[in-house]
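Chemist: Per my numbering, residue 2 is the first one in the sequence shown, and the count goes up by one each step.
One structure, as structure tokens, below. Some questions next.
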Amino acid sequence: MLTREDRDHVIALRRELHQCPELGFQEHETARRVAEELRAAGLDVREGIAGTGVVGVLRGGEGVASARTMLIRADMDALPVQEADGRPYGSRNAGRMHACGHDGHTAMALTAARVLAGGRNALPGNVVFAFQPAEETTGGAEPMIRAGILNEPKVDAAIGIHLANTLRVGQVAAQSGPITAACDGFVLTIHGKGGHAARPHLSVDPIAVAFLVGPALHLLMTREKSPAQPAVLTVGAIHGGTAGNIIADTVELRGTLRTYDPDLRRHLKQRVQETVEGIAASMRARAEIEWDESYPSTVNDPAVVALVQRAAAEVVGQDQLVEHEASLGGDDMAYFCAAVPGCYMRIGSANPAQGLDAPHHSPRFDFDEDALPIGAEILVRATRKFLGGEG
Ligand SMILES: [Zn+2]
Ligand SMILES: [Zn+2]
């Protein structure tokens, strides 16, 4: 159980971190503070992993045969957002804001470290705390895994947390299977032949080709996959042309394709490619598509999920365990869940009555801090259960 002091601690830590938001791979001050807290709790600390990542290792009591190891993951990075004024613990870094709640994740994991370290002699295993950079950009999880953080001690399972203003404070969602989407960005360039707007037959108009490509891409999403499978394609930017009386040389479309299922991911990428190339060729143009493969889908393990659900039910009550609707957001917790059995859970943090329900990434994002001791306690209880042989 968290004490009154632990509860005050997690909120104070979150407010301190909130004032110092740093972008991906620039989390120097945050990492320094994380390392300081972990050392104060008596953990072995490694810094500078994959740039600014920090790992704290908590080894349980002596003489534990076949001890297991749980990994608890938190992300530390903030976003390039100018925070809306109004809170006493507001961002001190102009144009930077903890607008996704990663300050809360870091504070919860640090508090879990402190509580678990307090009872380390009775702890029948080890805990690795991984504080990663750059979840919002290119990802710190994969390079930290490549740096060997799952090997010494050898990690057997992983838990990650995300605050969710899509759920009310007190609710928790931990469910099996795919939980975040694979995200594939693309840049599609259509090469035509520029010329005079009044003589289109002497040119190849790439913007006219783009007019056909857009609807065709959206049509793929209803004709090339099962209606039961979640996936989304969005073209978020189109750039081309300089004036109304000039046919452009090229046009560029930027977008993202998000899927859960790896086979569907491969299939849709291939069909997007074939469709844009085919349409461009039929119009005497040429299409080029560059994919920027981001995170794969995060897939939760049923046994670790069941364990987390039991821990969460003890903290918030069985009736507060809810299903979160399918989300096509991405998260590099995916790499931890691919390497070991894992559970990425959502901790409800919205409180509409107090006006704390702005969406993540918005300048007004904030959450009900009662979510923080709930999340920290679930981490502690789930870890103790796992190390005690459950799950
Ligand atoms: Zn985010
Ligand atoms: Zn986030």
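Ideal placement from N, C-alpha and C gives every residue a C-beta, glycine not left out.
1. Got a sec? Which residues, its chain only, sit under 6 Å from V323 by beta carbon, not counting five neighbours each side?
2. Just tell me which of Q274, E37 and I379 has its CA closest to the CA of V317.
3. So V306 packs on S177, CB below 8 Å; how close in whole Å?
4. Would G35 and P154 be called neighbours here (beta carbons separated by less than 8 Å)?
5. Quick one: does the C-beta of E275 sit closer than 7 Å to a heavy atom of ligand 1?
6. So, for I180: in the same chain, excluding its five sequence neighbours on each side, which residues have a beta-carbon less than 6 Å away from its beta-carbon?
7. Evaluate A95 with the Cβ neighbour count: other Cβ atoms within 10 Å of its Cβ, from every protein chain shown; 16 or more gives buried, anything less gives exposed.
8. Out of A183, F187, A209 and D185, point me to the one whose CA is closest to K194's CA.
9. Cα separation between R40 and H99?
10. Should C101 be counted as a contact of ligand 2 given a C-beta to heavy atom distance under 7 Å?
11. Leaving out five residues on either side along the sequence, give the residues of the same chain with a beta carbon under 7 Å from the beta carbon of R16.
12. Pull up the CB-CB distance for I73 and A113, whole angstroms please, since I reckon it's below 8 Å.
13. Quick one: measure Cβ to Cβ for F337 and G343, integer angstroms, because I've assumed they're closer than 8 Å.
14. Report the start-end ranges of each alpha helix (DSSP H) in the region 66-124 that is 4 residues or longer and not cut off at the edges.
15. May I have the straight-line CA-CA distance separating V246 from H202, to the nearest angstrom?
16. Who are the near neighbours of V341 in its chain, counting only those whose CB is closer than 6 Å to its CB and skipping five residues on each side?
17. Under 8 Å, do A281 and R272 count as touching if we go by C-beta distance?
18. Nearest by alpha-carbon distance to P207: which of M284, L234, I150 and A244 is it?
19. Could you name the residues of the same chain whose beta carbon sits closer than 8 Å to that of T384, not counting the 5 residues immediately before and after it, in chain order?
Modeler: The short version:
1. Once the five neighbours on either side are set aside, the close Cβ partners of V323 are Q172 and A174.
2. I379
3. 5 Å
4. The residue you asked about is not Gly; residue 35 is Val in the sequence shown. No, these two residues do not count as a Cβ contact at 8 Å.
5. no
6. T299, N301 and Y345
7. Around the beta carbon of A95, fewer than 16 other beta carbons lie within 10 angstroms, which makes this residue exposed.
8. A209
9. 24 Å
10. Because some heavy atom of ligand 2 lies under 7 Å away, the Cβ of C101 counts as near it: yes.
11. A distance below 7 Å between beta-carbons, with the five flanking residues on each side excluded, links R16 to the following residues of its chain, in chain order: Y90.
12. Sure, about 6 Å apart at Cβ, within 8 Å.
13. 5 Å
14. 103-119
15. Note on identity: in this sequence residue 246 is Asn, with Val being the wrong assignment. Straight-line Cα distance between these residues: approximately 14 Å.
16. Excluding the 5 residues flanking it on each side, V341 has same chain C-beta neighbours closer than 6 Å at V156, A158 and A159, in chain order.
17. no
18. When only C-alpha atoms are compared, the closest one is M284.
19. M71, I73, A113, L117, V128 and I160
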